[in-house]
Each structure stands twice: as C-alpha cells, then as structure tokens.
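S.K.: Next up is a structure, given as structure tokens.
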Amino acid sequence: MTAPVAAPLPPAEHEAVRGLLGAWALDACPADESALLERHLADCGPCAAEAARLRDAAGWLSADEPLDPAPELRSQVLESCLVRRAPLLRVPDWAAPYSAETAKLDALLRDLGPSEWLERAEAPWHGGTEYWRPAEVLCHLTAVDGFVGTAYGLADPVGGLPDVPAGTPWAAVTARTAWLIDAHGGRAPEAVRALWREQTRALVHTVSLAGPAGGEVPVDYGDFRIPAQDALVDRAFECWIHADDVARAVDYPYEPPSAPHLRQMIDLAARTLPAVLGGRPGAGGEGPPRVLRLVIEGPAAGEWLIPLDAPELPGDPDPVASLVVDGLEFCCLAAAHRDPDRMPVGQDGDAAAVRELLRAAPLLSRP
Amino acid sequence: MATPAPIRWDQQIQQRLARGEEAALGELYDQFSPMVHGLANRVLDSQSAAEQITREVFGHVWEHPGDFDPAQGSMRSWISTLTHRRAVERLRRTSGLPADGAGAGAPPESAGLEEEVLAAATAARVQYIVTSLPHALRETLTLTYFRGRTYQQAARELGIPEATAKHRMRLGLQLLATALATEQHR
Numbered sequence: 006m007t008a009p010v011a012a013p014l015p016p017a018e019h020e021a022v023r024g025l026l027g028a029w030a031l032d033a034c035p036a037d038e039s040a041l042l043e044r045h046l047a048d049c050g051p052c053a054a055e056a057a058r059l060r061d062a063a064g065w066l067s068a069d070e071p072l073d074p075a076p077e078l079r080s081q082v083l084e085s086c087l088v089r090r091a092p093l094l095r096v097p098d099w100a101a102p103y104s105a106e107t108a109k110l111d112a113l114l115r116d117l118g119p120s121e122w123l124e125r126a127e128a129p130w131h132g133g134t135e136y137w138r139p140a141e142v143l144c145h146l147t148a149v150d151g152f153v154g155t156a157y158g159l160a161d162p163v164g165g166l167p168d169v170p171a172g173t174p175w176a177a178v179t180a181r182t183a184w185l186i187d188a189h190g191g192r193a194p195e196a197v198r199a200l201w202r203e204q205t206r207a208l209v210h211t212v213s214l215a216g217p218a219g220g221e222v223p224v225d226y227g228d229f230r231i232p233a234q235d236a237l238v239d240r241a242f243e244c245w246i247h248a249d250d251v252a253r254a255v256d257y258p259y260e261p262p263s264a265p266h267l268r269q270m271i272d273l274a275a276r277t278l279p280a281v282l283g284g285r286p287g288a289g290g291e292g293p294p295r296v297l298r299l300v301i302e303g304p305a306a307g308e309w310l311i312p313l314d315a316p317e318l319p320g321d322p323d324p325v326a327s328l329v330v331d332g333l334e335f336c337c338l339a340a341a342h343r344d345p346d347r348m349p350v351g352q353d354g355d356a357a358a359v360r361e362l363l364r365a366a367p368l369l370s371r372p
Numbered sequence: 075m076a077t078p079a080p081i082r083w084d085q086q087i088q089q090r091l092a093r094g095e096e097a098a099l100g101e102l103y104d105q106f107s108p109m110v111h112g113l114a115n116r117v118l119d120s121q122s123a124a125e126q127i128t129r130e131v132f133g134h135v136w137e138h139p140g141d142f143d144p145a146q147g148s149m150r151s152w153i154s155t156l157t158h159r160r161a162v163e164r165l166r167r168t169s170g171l172p173a174d175g176a177g178a179g180a181p182p183e184s185a186g187l188e189e190e191v192l193a194a195a196t197a198a199r200v201q202y203i204v205t206s207l208p209h210a211l212r213e214t215l216t217l218t219y220f221r222g223r224t225y226q227q228a229a230r231e232l233g234i235p236e237a238t239a240k241h242r243m244r245l246g247l248q249l250l251a252t253a254l255a256t257e258q259h260r
C-alpha cells in the first residue's frame, strides 16, 4: 500500500464506516462504500479483525449443496487451471483415472446417510459374490491399494501381516481385506472413509513426486507383479466397479469413467487378456497361433489385437475373428458383472474364438 | 468427516499449490467444489453459470495461491469469498440489478427460500446455528448473501431503513461468528 497513512477518523465517521462491516462481509455494499471501508481496514486493526471474523461467518451461510457438481466438471476445471498456469509437478497420465475415480467415489460417500451405510452391496467376481457394506468395500479397496502404497514406501494400512495360505488364488487380497474389515469394519463409516481417502490422496501425491520413471516400480499383488503404471489403472477400474456396486445398493446413479480413462482401462484389460487365455488349448489345434480383433465401440472406441494361444502377438497377425462390443459392456464383462453367453456383441469369423475370449474375460476379475 | 485438521491442511495445501503440484489442485477441488458450485448455483440459479464460476475460482486459486493469507481466515472462507464476489458481480451484471441501489429490485424471496437454504446445509451444526438466528436477521442475511442485493436494495424490499438493514447484517454475522467460535472450541 502506498497510500498515505490516514489520520484516525473522527468518532462519528468511524462509527459510520464500522456500521458497513456486516454489509461489506456479505458483498452488499456499493463499490464506493466498499472502497472507503477497505481503505479504512488497512489502518484500523480492530475493524480489520472484525471484518475477517464476519467474512468467515458469512462463508458458513453457504453450506454444501446436496446436489454435487457433475463428475465431468472436475477434469474440465482442472484442465482449464493447468492452461492458466503450467504445473511443475504433474499427476502422471496413468494416475489420472485413479485420481478421478477416487474423487467420484468420495463424492458418493459424502451423500450416504446412516441407513445407507448399512446396506449391503453385491460385488460379484468370477469365483463368487461378496456382500459388503460400503465401509467393508472401502476396507477392501484400502487393502488392495496398499499393495501400490507399500511399493512406494507408504505405510501399510494392514498392520501385522496376516497369514497367507500358500497356493490359494487371491490369498493375499482376501487375507488383507479380512484383516482390515476386522480392524475397521465396525468403526464409524466416516472414520473408514477417512482411512481409505487418506491413502488414495497419499498415493496420487507420491506417484507425482516419483516422476515419469516411477511408473516402472513393480507392485506385488501376491499372485503376480505388474508395474505401477498398470497397477494404478487397475485400482481405478476396481474403484469404479465397486463404487458402482455401492451406488446400485443404495439406488443412486453413478457415472462411468470419462472416455480417456475408460480407454486406459480397456487397454489394460486387453493387454492382460493373454495371461488368462494362456495355456488353454486353442480350438485351432496345431494351426498357427490365433489372433482375435477386439473392436470397442462407444466413447472409448478403439481396436486391439488379442493373441489367443500365446502371450505375444505373432509377427504377422491375421485375425481369425472380430468381436465388436461396447466399451462399458466390455469392462463390466471383465469385472464378471455380465454373463459372457448373453452379451450383446457383434462378431465375424471363427465363433469359437469369440466365445473363448468372452468366457476368458471375467477371469480378469478378483474378489 | 474426511477432512483433515483445517489449519495445518490449509497451510500444507497452499505450499503444495505454490509448488505447482497438480495433485494438490485435485485435492483442493475435491474439498471445496461442492461449496463453490453450490453457492454459485444458489446465487445465480444456473448450472452453466455455476460451472463457469467454478472454473474461474479454482483458476484464480491455482494461479495465485500466495494471495491466501492464513492470518485473515481459513482457506474455506477465502474461497467462499472469491466465489460469492464473482457470483454476485455476475448476478448484478446480468439481471439488471443496479450496483448501487436505485431502481426496483426483484420481488421479495418466497417463503421457501430459508428452508431451502437450510436444507442445503450438510453440517447439522452450522444448520442449527443459522436456524437459531432471530428471523429478522436471518431474512436480511439470506436476501443479501444469496440474492445479491445491496443493503440499500434489501432495505427497500424489507421495508426497513437502510441503517437498520446494515445493523442487522452486522449483528447477524456477529452472532453467527460467536456461535461458530463457541462450537469450534468445544
């Protein structure tokens, strides 16, 4: 401020200016009176203190709306911010779906009432169905997110490693989930929500700090290892699927991921499919390794070539069949939320190859 | 609530924003977008206008994180001030409400407004405090804060002298501030 220090106002004028404080805090003063008051605040400690106090109180008049902003607004707002000022520390592209999906689930949780926290969500996977309360879903997500967190040196939310029976598929996932449900499942829902949310935030923060090379950090799920850049897309996928399970249980609408994020999830599923197809005797018998063309329709449209009989594509792939399916439906199938024999799909070529892929896709799911 | 200790969180997020950390911007958005969008939508009664204000407010905070002064109040208070100012300026610009009070304002708010305002409150604590304000004070606060009236316009619509309107605004906020402070120190 370069304005000359004003002489103290005469008492009557001081009272008149002070009288504007409430109106000013509500943005209800005409511009000239606001300017007059703000000049005075620079010189008058007691008035400045009252101004801050009233301004803060006015802020509390606006309680959060129950109607949340549309989920797609988040990426629009963040993008327009990043154009105005380039970030020095980016959220890696492979962490963006996780950041968006965890925020979307958190917004759903914010709206849950006490009775809704008692509902049980139906969470099918290829080996069965879990019936979890929302807080138990959060324990599960926290348990599996913890695989990624510990890979980056974050504290493991699962204290005292549970005994993991050898040879049982998904034993580590199941044991860690059970441990967290046992430790936290009975706590206040908001406490469980905070436990889950803190770790999701710490993860996004940490992978941003780790920089571009951080995506190669191996994440050990117990049954397999994948690089962090795939693991966080997987975590985003599971967050969405389970959030949708919760939303169905409480009868709330739930938006699918944005098109670019959905595409990352489909790409991961398409790249992982050979692992669940692998070792199955191909219907082609001794013929050359078969390849299927997967055509995804909808906002995340794209094409992938899937080797059916080998982990890698042959040098000169010649697809034996094409499978055309909506991107969202494909994701639901991969999450074992659809019956592979009743999927609305388009196909061309070797029908057995198409059926083989459709039936393998749910094997990507886990508890 | 999944809300960390406010003062420490305010300062940490400010530092992270200043360092240009995109993840901090995401956290800030997740924390305050319901408030920003909700307040703008209430004042402007338009989803698209509320979304525009939301873009502007977070854009401003991201570009100027150093403007936040923890000594002047909380991050929430700062962001709600930025939001309210923008929303009210836009309302006065687009609705033909004159900035300084000559001319007729819109008809007084419907009887349902206060209930709507209160229904919007998610924090029962705040809801209780606002409800327990004397009616005349509450009426004056909501008319100015959510309808973008100047104190002169509010006085005319309520049929009270301007001095009374100003007095009610100051007194109402003082009572609210005192009640909030008492609650927060419990």
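These protein sequence lines are chains A and B, in that order.
Sequential numbering of the first sequence, starting at 6, is according to our numbering.
Sequential numbering of the second sequence, starting at 75, is according to our numbering.
Note that CB positions come from ideal geometry on N, CA and C, so glycine has one too.
On a predicted model such as this, the values are computed, not experimentally measured, just so you know.
Please check the pair glutamate 77(A) and proline 262(A), which I expect to be a contact at CB under 8 Å, by giving their CB distance rounded to whole angstroms.
M.R.: Distance from glutamate 77(A) to proline 262(A) at the Cβ level is roughly 10 Å; contact not present, criterion being Cβ atoms closer than 8 Å.
S.K.: Relative to the alpha-carbon of arginine 129(B), which residue among Met149(B), Ala161(B) and Asp119(B) has its alpha-carbon at the smallest distance?
M.R.: Ala161(B)
S.K.: Quick one: give me the first and last residue of the beta strand (DSSP E) that leucine 318(A) is part of.
M.R.: Here leucine 318(A) belongs to no beta strand (DSSP E), and DSSP marks it neither H nor E.
S.K.: Can you give the Cα-Cα distance for alanine 236(A) and glycine 165(A), rounded to whole angstroms?
M.R.: 23 Å
S.K.: Tell me the residue span of the beta strand (DSSP E) that contains serine 327(A).
M.R.: Unbroken beta strand (DSSP E) run through serine 327(A): 326-331.
S.K.: Along chain B, which residues have their Cβ under 9 Å away from the Cβ of histidine 210(A)?
M.R.: Arg90, Glu95, Ala97, Ala98 and Glu101
S.K.: Can you name the residues of chain B whose CB is closer than 9 Å to the CB of proline 367(A)?
M.R.: Correct list: empty, because the minimum Cβ distance to chain B is about 32 Å.
S.K.: Distance, Cα to Cα, alanine 366(A) vs alanine 341(A)?
M.R.: In this structure, the straight-line span from the alpha carbon of alanine 366(A) to that of alanine 341(A) is close to 8 Å.
S.K.: In chain A, which residues lie with their C-beta within 9 Å of the C-beta of proline 208(B)?
M.R.: What proline 208(B) touches in chain A: nothing, since even the nearest Cβ is about 14 Å away.
S.K.: Can you check DSSP and say which residues form a bridge with tyrosine 136(A)?
M.R.: DSSP, once it has assigned bridges, lists Glu127(A) as partnering tyrosine 136(A).
S.K.: Which bits of chain B does valine 153(A) rub up against, with CB to CB less than 7 Å?
M.R.: In chain order: nothing, as chain B lies at least about 15 Å away.
S.K.: In chain order, what residues of the same chain lie with their CB nearer than 8 Å to the CB of aspartate 73(A), ignoring the 5 residues before and after it?
M.R.: Ala112, Arg115 and Asp116
S.K.: Count the other CB atoms within 10 Å of the CB of serine 370(A); is the residue buried (16 or more) or exposed (fewer)?
M.R.: buried
S.K.: Looking at C-alpha atoms only, which residue of Val300(A), Ala326(A), Glu361(A) and Gly320(A) is the closest neighbour of glutamate 334(A)?
M.R.: Val300(A)
S.K.: Show which residues of chain E have a CB atom less than 7 Å away from the CB atom of leucine 113(B).
M.R.: The displayed structure is made up of protein chains A and B, and chain E is not among them.
S.K.: Run through chain A and tell me which residues come within less than 9 Å of serine 120(B), C-beta to C-beta.
M.R.: In chain order: nothing, as chain A lies at least about 13 Å away.
S.K.: Around the C-beta of proline 181(B), are 16 or more other C-beta atoms found within 10 angstroms, so that it is buried, or is it exposed?
M.R.: In this prediction, proline 181(B) has a pLDDT of 33, which is less than 50 and means its spatial position is unreliable; nothing more can be read from the coordinates.
S.K.: Compare the Cα-Cα distances from threonine 205(B) to each of Thr238(B), Leu249(B) and Arg150(B) and report the closest residue.
M.R.: Leu249(B)
S.K.: Do leucine 217(B) and leucine 245(B) have their C-beta atoms closer together than 8 Å?
M.R.: no
S.K.: Using a C-beta to C-beta distance shorter than 9 Å, which residues of chain B count as neighbours of alanine 57(A)?
M.R.: Ala145, Gln146, Gly147 and Ser151
S.K.: If we cut at 8 Å on Cβ distances, does glutamate 18(A) have a partner in chain B?
M.R.: no
S.K.: Taking just the CA atoms, how far does glycine 132(A) sit from alanine 3(A)?
M.R.: There is no way to answer for residue 3(A), as the model of chain A reaches only from 6 to 372.
S.K.: Is it the case that the Cβ atoms of alanine 108(A) and glycine 133(B) are separated by a distance below 8 Å?
M.R.: Their beta carbons are not under 8 Å apart, which means alanine 108(A) does not touch glycine 133(B) by this criterion.
S.K.: Using CA atoms only, rank isn't needed, just tell me which of Leu143(A), Ala275(A), Val142(A) and Asp161(A) is closest to glycine 151(A).
M.R.: Asp161(A)
S.K.: Proline 279(A) and arginine 298(A): beta carbons closer than 8 Å?
M.R.: no
S.K.: Alpha carbon to alpha carbon, how far is serine 39(A) from alanine 239(B)?
M.R.: 16 Å
S.K.: Count the other CB atoms, across all protein chains shown, that sit within 10 Å of the CB of leucine 25(A); report buried if there are 16 or more and exposed otherwise.
M.R.: buried
S.K.: Buried or exposed, going by whether 16 or more other CB atoms sit within 10 Å of the CB of tyrosine 136(A)?
M.R.: exposed
S.K.: Which two residues bound the contiguous beta strand (DSSP E) that contains leucine 78(A)?
M.R.: Leucine 78(A) -> not in any beta strand (DSSP E); alpha helix (DSSP H) instead, spanning 76-89.
S.K.: Measuring CB atoms only, is the region 19-37 of chain A touching the region 55-64 of chain A, in the sense that at least three cross pairs come out at less than 8 Å?
M.R.: yes
S.K.: Nearest-angstrom Cα distance between tryptophan 65(A) and tyrosine 219(B)?
M.R.: 11 Å
S.K.: Within 10 Å of its beta-carbon, does serine 104(A) have 16 or more other beta-carbons around it, so buried, or fewer, so exposed?
M.R.: Counting Cβ neighbours within 10 Å, serine 104(A) comes out buried, since at least 16 surround it.
S.K.: Provide the residue span of the alpha helix (DSSP H) that contains glycine 27(A), from first to last.
M.R.: Start and end: 26-30.
S.K.: Count the other CB atoms within 10 Å of the CB of glutamate 213(B); is the residue buried (16 or more) or exposed (fewer)?
M.R.: buried
S.K.: What residues from chain A crowd round leucine 250(B), counting only those whose CB sits closer than 7 Å?
M.R.: Ala62 and Trp65
S.K.: Which of helix, strand or coil does DSSP assign to isoleucine 231(A)?
M.R.: strand
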